[in-house]
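Have a look at the structure below, then the notes.
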Amino acid sequence: MSIEKISNITTSAVRAGINTDEHHGAVVAPLHLSSTYSLKGFNDKRQFDYSRTGNPTRATFAQVIADLEQGSVGIVTSTGMAAVHLICQLLSTDDTVVIPHDCYGGSFRLFTHLAKRGQFKLIVVDQNDQQALDNALAHKPKLVLLESPSNPLLRLVDIEEVTKVCHAVGALVAVDNTFLSPALQQPLTLGADIVFHSTTKYINGHSDVVGGVLVTKTAELGEKLAWWANCIGITGSAFDSFLALRGLKTLPVRMKQHQENALQVADFLQNHDAIDAVYFPGFPEHPGHEIATKQQAGYGAMLSFEVKGGVEAVKKLFNNLQIFTLAQSLGGVESLISHPSTMTHAGMEIADQLEAGITQSLVRISVGIEDVEDILTDLSHGLAQSQL
Ligand SMILES: *Cc1c(COP(=O)(O)O)cnc(C)c1O
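According to the numbering used here, the sequence shown is numbered sequentially starting from 14.
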């Protein structure tokens, strides 16, 4: 991705919704809380009639995200999981879905439980295992879900390559882009059909909204999904859209600082005696480094690591941090630390966790935009305590 593209994103994000109010010329896109809109007259509707179906504030946010992802239709949902569930509306009982074994815990729970109820057939694969992926694609799936980088081990999938083989068997490809945001990766430009986000994370970026968004490459698929979003009632609220739109304006600038800090944190951890392994795609020795360099505009600010001494050491680390908060979200301005096995991935059976490489000593961090020296001092103190 070129520097020019990135700087364009910075400007587009800042200008999100600016000067769209024709009525009063409000510089910032107004918050429209009205649940309903009058008709001009008998059988003469305006653009909006009812806020589940369409809302001006939500529509502005949806269009801005669709533009940043270079897609055609954006659909704002009440949560990230609602966006994932919305994609499931495309599936019938005879359809097969392929998901990665190490996808977001909530997505894993949703797909496995819906499959158990017979809503579709499910194949769970390690998408880095070419043979396993080929075997799954031989079942001619209707949908293949990708998540790159994956949570919590930051495994990479070559979106362009995998999308090609999926399209060859007629599968739609949907990519969870939550970990990077459109500032660092645009899956639709790599061939994907759908990209979705938990806007709760980097897009809103201030840990005060739970929301989701989905963008389609084609208008046809977008209209179909927008129809379902209204039908089942999972569209996002106007207020959440307003806040997320405000958060989005600083997304590219925040990502710059998040990444600058993350690089230093990754280096620090890599050289620390209390750490067995660091998973960060920015390291040349990371198995996904080359793919990340090719398809991303940066390495992001999420990383995970194994602490020496198992779960007891992890507990001591958590008890001795001041800057990092023990919480399971990510992508906010504040640094967060979590234990995937008992937190984000608790919805997965322990056997499935181990299969996906999630051990008891694994810790995940979302590097915030605090002063990096404060972040490093905090980690240094916590890690020293963890080994006592
Ligand atoms: C948080 C998250 C989700 C789910 O989003 P919610 O807003 O919590 O419903 C999906 N995918 C990833 C990668 C996430 O981090």
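For each residue, glycine too, the CB sits at the ideal point set by N, CA and C. Since this is a predicted model, take the numbers as computed values, not measurements.
Count the other C-beta atoms from every protein chain shown that fall within 10 angstroms of the C-beta of ASN164, then say buried if there are 16 or more, exposed otherwise.
On the sequence shown, residue 164 is found 151 positions in, with the first residue counted as 1. Counting Cβ neighbours within 10 Å, ASN164 comes out buried, since at least 16 surround it.
Near HIS219, what residues of its chain come up, given a Cβ to Cβ distance below 7 angstroms and the 5 sequence neighbours on each side ignored?
Along the sequence shown, one-based indexing puts residue 219 at 206. Here the set comprises GLY260, GLY345, VAL346.
Ends of the alpha helix (DSSP H) at SER317?
Locating residue 317 in the sequence shown gives position 304, where the first residue counts as 1. Under the DSSP assignment, SER317 falls outside any alpha helix (DSSP H), being part of the beta strand (DSSP E) whose first and last residues are 315-320.
Where PHE252 falls: helix, strand or coil (DSSP)
Numbered from 1 along the sequence shown, position 239 holds the residue referred to as residue 252. Reduced to three states, the DSSP call for PHE252 is helix.
Just to check, is the beta-carbon of ASP34 closer than 6 angstroms to a non-hydrogen atom of ligand 1?
The residue you call residue 34 lines up with position 21 of the sequence shown. It does not: the Cβ of ASP34 is nowhere closer than 6 angstroms to a heavy atom of ligand 1.
Provide the residue span of the beta strand (DSSP E) that contains LYS262, from first to last.
Indexing the sequence shown from 1 puts residue 262 at position 249. Going by DSSP, LYS262 is part of no beta strand (DSSP E) at all; its letter is neither H nor E.
Hey, how far is the Cα of THR306 from the Cα of ARG377?
Position 293 of the sequence shown holds residue 306. Position 364 of the sequence shown holds residue 377. Rounded to the nearest angstrom, the two C-alpha atoms are 22 angstroms apart.
Should the stretch 251-259 be called in touch with the stretch 107-119, which here means at least 3 C-beta pairs below 8 angstroms?
Too few Cβ pairs lie closer than 8 angstroms, so no.
Residues of its chain near GLY204, where Cβ-Cβ distance is below 6 angstroms and the 5 sequence neighbours each way are ignored
As a working note, residue 204 is residue 191 in the sequence shown. Non-local beta-carbon contacts of GLY204 in its own chain, meaning distances under 6 angstroms to residues more than five positions away in sequence, involve GLU173, THR176 in chain order.
Beta-carbon separation (whole angstroms), PHE318 vs TYR292, contact threshold 8 angstroms:
Numbered from its first residue, the sequence shown carries residue 318 at position 305. Numbered from its first residue, the sequence shown carries residue 292 at position 279. About 7 angstroms separates the CB atoms of PHE318 and TYR292; that is less than 8 angstroms, so the two are in contact.
With hydrogens ignored, establish whether the beta-carbon of GLY93 is closer than 6 angstroms to any heavy atom of ligand 1.
On the sequence shown, residue 93 is found 80 positions in, with the first residue counted as 1. For GLY93, the distance from the CB to the nearest heavy atom of ligand 1 is below 6 angstroms.
Checking 7 angstroms against the spacing of the C-beta atoms, do LEU201 and LYS230 come in under that value?
Counted from its first residue, the sequence shown places residue 201 at position 188. Counted from its first residue, the sequence shown places residue 230 at position 217. Yes, the pair counts as a contact, with Cβ atoms nearer than the cut-off.
Is LEU339 helix, strand or coil by DSSP?
For this step, residue 339 is matched to residue 326 along the sequence shown. In the three-state reduction of the DSSP assignment, LEU339 falls in the strand class, which pools E and B.
Host alpha helix (DSSP H) of PRO69 (start-end):
The residue you call residue 69 lines up with position 56 of the sequence shown. It spans 69-81 - the alpha helix (DSSP H) in which PRO69 sits, taken as one unbroken run.
Please tell me whether, using a cut-off of 6 angstroms, the distance from the CB of ASP189 to the nearest non-hydrogen atom of ligand 1 is below it.
Against the sequence shown, residue 189 aligns to sequence position 176. Between ligand 1 and ASP189, a heavy atom-to-CB distance of less than 6 angstroms is present.
With DSSP as the reference, label VAL138 as helix, strand or coil.
Within the sequence shown, numbered from 1, the residue matching residue 138 stands at position 125. In the three-state reduction of the DSSP assignment, VAL138 falls in the strand class, which pools E and B.
For VAL137, I'd like the list of residues in its chain whose CB is within less than 6 angstroms of its CB, leaving aside the five on either flank, ordered along the chain.
Within the sequence shown, the letter at position 124 stands for residue 137. Only ILE112, HIS114 meet the Cβ criterion.
Inspect the beta-carbon positions of ILE371 and HIS358 and report whether they are closer than 7 angstroms.
Residue mapping note: residue 371 aligns to position 358 of the sequence shown, counting from 1. Residue mapping note: residue 358 aligns to position 345 of the sequence shown, counting from 1. Yes, the pair counts as a contact, with Cβ atoms nearer than the cut-off.
CB contact flag (GLY118, MET361, <7 angstroms):
In the sequence shown, counting from the first residue as 1, residue 118 sits at position 105. In the sequence shown, counting from the first residue as 1, residue 361 sits at position 348. Yes, they are a contact pair.
Straight-line gap, GLU383 to GLN335 (C-alpha atoms, nearest Å):
Position 370 of the sequence shown, counting from 1, holds the residue named residue 383. Position 322 of the sequence shown, counting from 1, holds the residue named residue 335. Inter-residue distance for GLU383 and GLN335 is about 12 angstroms (C-alpha atoms, whole angstroms).
Among residues of its own chain, excluding the 5 on either side of LEU375, which ones have a beta-carbon nearer than 7 angstroms to its beta-carbon?
Your numbering for residue 375 matches position 362 in the sequence shown. Closer than 7 angstroms at Cβ, skipping near neighbours: PRO165, SER317, GLU319, PRO353, SER354.
How far does the alpha helix (DSSP H) with THR306 in it extend, from its first residue to its last?
Counting from one through the sequence shown, the residue named residue 306 turns up at place 293. Per DSSP, THR306 belongs to the alpha helix (DSSP H) from 302-308.
What I want to know is whether the C-beta of TYR117 ends up closer than 6 angstroms to one or more non-hydrogen atoms of ligand 1.
As a working mapping, residue 117 is identified with position 104 in the sequence shown. Yes - ligand 1 has a heavy atom lying nearer than 6 angstroms to the Cβ of TYR117.
Just confirm the distance between the C-beta atoms of VAL89 and VAL226, as a whole number of angstroms; I'd bet it's less than 8 angstroms.
Taking the sequence shown and counting its residues from 1, the one referred to as residue 89 is at position 76. Taking the sequence shown and counting its residues from 1, the one referred to as residue 226 is at position 213. About 5 angstroms; that satisfies the 8 angstroms criterion.
Give a single yes or no on whether SER211 has its beta carbon closer than 6 angstroms to a heavy atom of ligand 2.
The ligand content of the structure shown is limited to ligand 1, which means ligand 2 is not among them.
With a threshold of 8 angstroms, are at least 3 pairs of Cβ atoms found where one atom belongs to the stretch 293-304 and the other to the stretch 266-282?
Enough Cβ pairs lie closer than 8 angstroms, so yes.
Beta-carbon within less than 8 angstroms of ARG122's beta-carbon, same chain only, minus the 5 sequence neighbours each way: which residues are those?
Looking up residue 122 in the sequence shown gives position 109. Same-chain partners within the cutoff: GLY360, MET361.
Where does ILE112 sit, in a helix, a strand or coil, going by DSSP?
The count along the sequence shown starts at 1 and reaches residue 112 at position 99. Residue state, collapsed to three classes: strand.
Could you check what DSSP says for HIS394 in three-state terms: helix, strand or coil?
Your numbering for residue 394 matches position 381 in the sequence shown. Here HIS394 sits in helix by DSSP.
Within 10 angstroms of its Cβ, does HIS36 collect 16 or more other Cβ (buried), or is it exposed?
Residue 36 sits at position 23 when you count from the first residue of the sequence shown. Classification of HIS36: exposed, given that the 10 Å Cβ count is below 16.
CB LEU264 to CB SER194, shorter than 7 angstroms?
By 1-based counting over the sequence shown, the position of residue 264 is 251. By 1-based counting over the sequence shown, the position of residue 194 is 181. Yes; because the gap between Cβ atoms is below 7 angstroms, this pair is in contact.
Please tell me whether VAL27 and LYS262 are closer than 7 angstroms, where the distance is taken between their beta carbons.
Along the sequence shown, read from residue 1 onward, the residue named residue 27 stands at position 14. Along the sequence shown, read from residue 1 onward, the residue named residue 262 stands at position 249. Yes, the Cβ-Cβ distance between VAL27 and LYS262 is below 7 angstroms.
Give the single residue among ASN243, SER48, GLY381, LEU343 whose Cα lies nearest to the Cα of THR66.
Within the sequence shown, the letter at position 53 stands for residue 66. Ranking ASN243, SER48, GLY381, LEU343 by Cα distance to THR66 puts ASN243 first.
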